[in-house]
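Residue numbers (the UniProt record's numbering): 1 to 219.
In structure tokens:
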């Protein structure tokens with residue numbers, strides 16, 4: 001009697017079940033999770049990643065160059081002096097001859113520009129790690145329409161984990177009440193998939209990277 005189609009299918013199933021399924025390859029848990037950075041120089045890799053996510057990057061080789069870069073930014077964006085609340089940044093800007101607003105007068109109404117320091121810069125993602133431990137608190141990196149960051153090449157690390165370890169080493173058990181990774185300007189496309197900048201924070205993020213040996217005032 002000829003074998004029916006049903007019998008043929010069942011025979012193939014029985015044959016397949018009789019052979020053990022191959023095991024998936026065992027993962028190498030010691031291998032890096034991410035591939036190597038596109039550039040072996042972490043500072044260059046950060047600059048590329050930072051611009052790729054929408055940040056504006058400015059290299060400053062000296063205090064004079066910093067003053068020129070800041071003035072150019074303010075002129076292009078047609079904004080006034082930034083709010084700066086960190087004493088060390090204020091001292092650096094005074095040395096550079098850059099005007100800033102040190103008080104909180106009319107901050108809510110006129111907070112179009114702020115300048116803060118940061119804890120670390122992450123080359124992998126182009127992120128800026130900020131915390132509430134500085135005099136800038138939570139507000140200066142969130143509320144103003146445009147956020148400027150002043151940092152050093154020595155603050156650049158390759159991965160997010162390294163940046164978090166920098167914070168842990170600095171503060172120990174007294175961790176800041178807020179630690180935030182900022183990756184590009186604030187944006188959302190929740191409504192009708194239309195990209196909107198500045199929805200939950202600054203619509204523009206710019207970083208000024210000042211050489212470590214430009215002067216002896218730490219950030």
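The C-beta atom is built at its ideal place from N, Cα and C for all residues, glycine as well.
Output needed for residue i: all residues of its chain with C-beta closer than 6 angstroms, excluding positions within five of it in sequence on either side, in chain order.
i	result
residue 97	67
residue 204	146, 185
residue 47	57
residue 51	57
residue 1	Only weak support is given to the placement of residue 1: the predicted model assigns it a pLDDT of 46, under 50, and the value that follows is read from those uncertain coordinates. Answer for residue 1: no residue qualifies.
Count the other CB atoms, across all protein chains shown, that sit within 10 Å of the CB of residue i; report buried if there are 16 or more and exposed otherwise.
i	result
residue 34	exposed
residue 16	exposed
residue 73	buried
residue 172	exposed
residue 124	buried
residue 136	buried
residue 134	buried
residue 5	exposed
Would you grab the beta carbon distance between residue i and residue j for me? Rounded to a whole angstrom, and I think it's under 8 angstroms.
i	j	result
residue 130	residue 114	Not really, about 11 angstroms apart at Cβ, beyond 8 angstroms.
residue 58	residue 206	7 angstroms
residue 127	residue 181	5 angstroms
residue 211	residue 61	5 angstroms
residue 84	residue 78	The pair is not a contact, with the Cβ atoms about 19 angstroms apart (cut-off 8 angstroms).
residue 63	residue 95	6 angstroms
Return helix, strand or coil for residue i, following the three-state DSSP convention.
i	result
residue 1	In this prediction, residue 1 scores a pLDDT of 46, lower than 50, which makes its location untrustworthy; the coordinate-derived value is nonetheless stated afterwards. Reduced to three states, the DSSP call for residue 1 is coil.
residue 107	helix
residue 57	strand
residue 163	helix
Ordered along the chain, which non-local residues of its own chain (more than five positions away) have a Cβ less than 7 angstroms from that of residue i?
i	result
residue 257	The question about residue 257 has no answer, for the chain in this structure spans 1 to 219.
Suppose the cutoff is 8 angstroms on Cβ atoms and the five residues either side in sequence are ignored; what does the same chain contact list for residue i look like?
i	result
residue 167	119, 120, 129, 131, 175, 176, 179
residue 37	45, 123, 124, 158
residue 153	43, 209, 211, 212
Specify whether the segment 82-101 and the segment 21-29 touch according to this definition: at least 3 beta carbon pairs, one from each stretch, less than 8 angstroms apart.
No, because fewer than three Cβ pairs between the segment 82-101 and the segment 21-29 fall closer than 8 angstroms, the two stretches do not touch.
Three Cβ pairs or more, each shorter than 8 angstroms: is that satisfied between the segment 156-166 and the segment 40-51?
They touch, by the three-pair rule.
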